[in-house]
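A short write-up of the structure that comes next.
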Amino acid sequence: MTQKSPQIKLFIEYCYIIIGSAFVGLAFNMFLLPAKLASGGVSGISTILYELYKFNPAYVQWAINIPLFILGIILLGKDFSLKTLVGTLFVPFIIWLTTDLPFKVDNPLLAAIYGGILLGVGLGTVYRGKGSTGGTAMIAQALKKYTGFSSGFSQLIVDGFVVITSAIVFNLELALFAMMSIYVTSKVIDFVQLQTSPSKLVLIISEKEELIQSIIKDEIDRGLTKIRTVGGHSNTEKTMILCVVEQEEAIYLKKALQEKEPTSFIVFLNASEILGRGFSLSKLYETGK
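Next comes the structure, spelled out in structure tokens:
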């Protein structure tokens, strides 16, 4: 597996931003606007203004995002803001383009759930491209940068202020549905950014470390790390072997250990994302001379 060049990486990031922005625009027109859910951000503000004065949401979002874009240049840097410019222009463009889309859901509960999911997928995809859709999403990214909060939680804080306003303009029930949508969105954002995988982190404590090492290296072709440990009850020294395997490899490893070393203590944990040799990078093998 070859390393991607900086140009290819940048191209992929911009693809993430464009695709994610399209999802954000569709979520707004298909679910949030028809159900009158002001689920935070500039989109929520445009929903409120549309219901009050029938202002076109796409134009409202473009107008509000201009000063926020300038703020982004100051706080987040030129590269982030250039990517944000793509999202800032593309989301309202999709909203404008799909204004007469026939597929719309005005049920608040369905819109909160499915609109929240689609919006979260869109924003999470944009964030994976190291960009933003502008507006309060950019404020959320600034909050993440300077506080260390996750992207989802930062978005949750910022959007809460818009929801309070929607409770006054619409009613409390729609505001509660909007809060539900924001919660769903925040969880989906974090899920998309983590790139959850079926890989497993395996912790094995055993006195037969050579046998287990042989199973892992020779039978499933994975690397491992050995950590010296002391048993809390027996106070004897043992070895903890740590390795990461794919789902199918984990099933085989479990069966092999139960057959060949049933006294070992084994823990299988879900690994959300794995970076390194054998996963995000190709394996390296030593060649004998």
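Just add 1 to wherever you are in the sequence shown, counting from 1, and you've got this note's numbering. Virtual Cβ for every residue (Gly too), placed ideally from N, Cα, C. Quantities reported herein were computed from a predicted structural model and do not represent experimental measurements.
- Lys201 is the residue among Lys239, Lys201, Phe192, Phe154 whose C-alpha sits nearest the C-alpha of Phe269.
- Between the alpha carbons of Thr89 and Asn57 lies a distance of about 16 Å.
- About 23 Å separates the CB atoms of Ile49 and Val127; that is not less than 8 Å, and the two are not in contact.
- In the three-state reduction of the DSSP assignment, Asn172 falls in the coil class, being assigned neither a helical nor a strand state.
- Residues of the same chain with a CB within less than 8 Å of the CB of Ser265, apart from the 5 flanking positions on each side, are Ile205, Ile206, Ser207, Lys209, Ile213, Leu258 in chain order.
- Secondary structure note for Arg229: its beta strand (DSSP E) is the uninterrupted segment 226-231.
- Per DSSP, reduced to three states, the secondary structure at Lys261 is helical.
- It is roughly 23 Å from the alpha-carbon of Ile19 to the alpha-carbon of Ala112.
- CA-CA distance, Lys145 to Gly42, rounds to 16 Å.
- Collapsing the DSSP output to three states places Ile19 in a helix.
- Comparing C-alpha distances from Gly123 to each of Phe150, Glu247, Gly21 shows the shortest one belongs to Gly21.
- Distance between Ala251 and Asp101, taken at the CA atoms: about 49 Å.
- Every alpha helix (DSSP H) stretch that sits fully inside the region 123-194 and reaches 4 residues is listed by chain position as 136-148, 152-170.
- In this model, Met241 and Ile228 are separated by some 5 Å (Cα to Cα).
- With contacts defined by Cβ atoms closer than 8 Å, Lys84 and Lys131 form a contacting pair.
- Within a 10 Å sphere around the beta-carbon of Gln62 sit 16 or more other beta-carbons, which makes this residue buried.
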